Amino acid sequence: MSTSDKTATTAAPGPLFTDGATFVDLESWHRSIDGLRDEGPFIPFEHDTHGTVWAAVDLEVLLEVSRRPVEFANTTVPLIPPKLNDGSPDMSEVSQQLKMLINQDGPDHQAHRKVVVEWFKNSTLRVLKPAVDELVDESMARLRDTGGDCDFSSEVALPLPLRVIMSMLGVPRADEPVLLKLTQEMFSSEDDEFGQGDPFAAMMEIAGYFTALMQDRQANPTDDLSSAIANGTVDGTPLETMTAIGLYVIIATAGHDTTSFAMAGGVDALARFPEQFDRLRTDPSLVENAAYEVVRLTSPVRHFLRHAQTEAEVAGHPFAPGDTILLSYPGANRDPALFDEPHSLDVARPNASRQVGWGHGAHFCLGSRLAHMEVAAVLNGLSRDFTSIEATGPTQWTRSHFVGGAKHVPVRFGT
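All residue numbers for the sequence shown refer to the working numbering, where the first residue is 5 and numbers rise by one.
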């Protein structure tokens, strides 16, 4: 019998995990999760499509599920999509058509991941780092020119990672604003400000853009990431068109949006814990650890789903084929059993690297090293060039239950 037939009497309200409005006040969301932790290793809630869903908010439990991809598969339904009122296909349906990495499993997933993995290894990133550092220096110079007052999200956190990943793909700088807008419409479709379009249409427009780019790189190969995808092979066979486009879409979108949210949320945290900014200024060697801590605290990716393929047990909880588990990365990253004072920023936190903001296991984020390098570079630039940080208004958060974070961070950096 499926565990969906044995719903716990203390089920959590579904909107806590499925309604982006609950993430607009992130700290309130975490207080709600803390109030449910004692109910057991999984928090149940009801969903119209999946029935009873079991949310893993404890870090060790989330890790165990992630380590067992054969028993708990990604399948073609990797996430709970936002509800659309106009009858448009949801993002899960579209991602299935594009054959994205996020809805592939086993050898198929590994084979397609290998097509691009070289571009995200440390050896490649060492070559890229001077360009990232130069972009950070340019951003710091602009902040100094304006006297240190800014909306850090729109002026630094959004454009910088966008430029990095688009330059790797060989996308012209003039096309970046359009791709940024489409990414926001795709990932933040619940948000009143960013989600002004149809996420289905946005994904299709991004796919169309990269179809044209792929065709160009097939006819005129270059040394960029776009060419590697366009001319990639699996077992000697060229990539299927929809698989190649799926690689373009997931790299181009997730390659900057998540990093942007980590940076923006990190600056919000530094403004709330200014003594931690002083620690970075005093000891620049802490920036690498601080980058892990920022991702732990912000957790831009809110969830992915796993689906039981066989009878299995995790932390004493039985699962049957067809049961659905929601991996709650924000919940796990503030697990009080693993992290002391989990809601506080601590740039010297001794186990900050245990964060799971970029996932774990077979689907560990392909661009995690790149994201870490970018976040660390920004933290280094800020602590090197400025003497203080303070909020000049309230931080605003995106309304999104899948990928989201701080969308406006008004601050002043002391010069």
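Even for Gly, the Cβ is constructed at its ideal location relative to N, Cα and C. Note that the coordinates shown come from a computational prediction; the quantities given were computed from them, not determined experimentally.
| Asked | Found |
| --- | --- |
| Counting only the same chain and skipping the five closest in sequence on each side, list residues whose C-beta sits under 6 Å from that of Glu-180. | Leu-166, Met-170 |
| Report the option in Ala-336, His-311, Gly-335, Gly-385 whose CA atom is closest to the CA atom of Pro-325. | His-311 |
| For His-54, tell me which candidate among Pro-85, Leu-301, Gly-212 has the shortest Cα-Cα distance. | Pro-85 |
| Specify the secondary structure class of Gln-313 as computed by DSSP and reduced to three states. | coil |
| Can you say whether Arg-353 is buried or exposed, counting buried as having 16 or more other CB atoms within 10 angstroms of its CB? | buried |
| Based on Cα-Cα distance, which residue from Pro-48, Arg-300, Gly-363 lies nearest to His-321? | Pro-48 |
| Since Thr-302 and Gly-409 should fall inside the 8 Å C-beta cutoff, what is the C-beta to C-beta distance between them, to a whole number of angstroms? | 6 Å |
| Please report the straight-line C-alpha distance between Leu-139 and Pro-334, rounded to a whole angstrom. | 29 Å |
| Counting only the same chain and skipping the five closest in sequence on each side, list residues whose C-beta sits under 6 Å from that of Asp-389. | Met-144 |
| Near Val-119, what residues of its chain come up, given a Cβ to Cβ distance below 8 Å and the 5 sequence neighbours on each side ignored? | Ala-232, Ile-233, Gly-236, Thr-237, Val-238, Leu-243, Leu-251 |
| Need the endpoints of the alpha helix (DSSP H) that His-113 sits in, please. | 110-117 |
| Do you know offhand how far Val-407's Cα is from Glu-75's? | 25 Å |
| What's the gap between the Cα of Lys-185 and the Cα of Ile-249? | 19 Å |
| Just to check my reading of the structure: Glu-3 and Ser-404 have Cβ atoms closer than 8 Å, yes? What is that Cβ distance to the nearest angstrom? | Lying outside 5 to 419, the shown extent of the chain, residue 3 is not represented and no answer is given. |
| Rounded to whole angstroms, how far is the Cβ of Leu-164 from the Cβ of Val-175, which I believe are closer than 8 Å? | Not confirmed; about 15 Å, so no contact. |
| Given a cut-off of 8 Å, decide if Ile-254 and Ile-106 are closer than it, judged by their beta-carbon atoms. | yes |
| Roughly how many angstroms lie between the CA atoms of Glu-68 and His-364, to the nearest whole one? | 9 Å |
| How many whole angstroms separate the CB atoms of Leu-129 and Phe-308, which I take to be in contact at a CB cut-off of 8 Å? | At roughly 24 Å, the Cβ-Cβ gap does not stay under 8 Å, so Leu-129 and Phe-308 are not in contact. |
| Assuming Leu-229 and Met-172 make a contact with CB atoms under 8 Å, what is their CB distance in whole Å? | 5 Å |
| I need the DSSP call for Ile-84, collapsed to helix, strand or coil. | coil |
| What is the DSSP secondary structure of Pro-322, counted as helix, strand or coil? | strand |
| Please go through the same chain and pick out, in chain order, the residues whose beta-carbon is closer than 7 Å to the beta-carbon of Thr-215, but skip the five residues on each side of it. | Ile-249 |
| Taking C-alpha atoms, which residue in Trp-58, Cys-154, Gly-44, Gly-18 lies nearest to Leu-331? | Trp-58 |
| Can you check the segment 144-225 for any alpha helix (DSSP H) of at least 4 residues that lies completely inside it and give the ranges in chain order? | 163-173, 180-191, 203-223 |
| Span of the beta strand (DSSP E) holding Glu-50? | 46-51 |
| Three-state secondary structure (DSSP) at Glu-75? | coil |
| Report yes or no: do the segment 338-346 and the segment 260-273 share at least 3 C-beta pairs separated by less than 8 Å? | no |
| Near Asn-384, which residues of its chain fall below 7 Å by C-beta distance, leaving aside the five closest residues on each side in sequence? | Pro-288, Val-291 |
| Quick test of your reading: Gly-418 and Gly-152, contact by CB under 8 Å. State the CB separation rounded to the nearest angstrom. | 6 Å |
| Can you name, in chain order, every residue of its own chain whose Cβ lies under 8 Å from the Cβ of Ala-273, other than the five neighbours on each side? | Gln-280, Val-298, Leu-301, Thr-302, Leu-349 |
| Mind checking whether Pro-73 and Asp-112 have CB atoms under 8 Å apart? | no |
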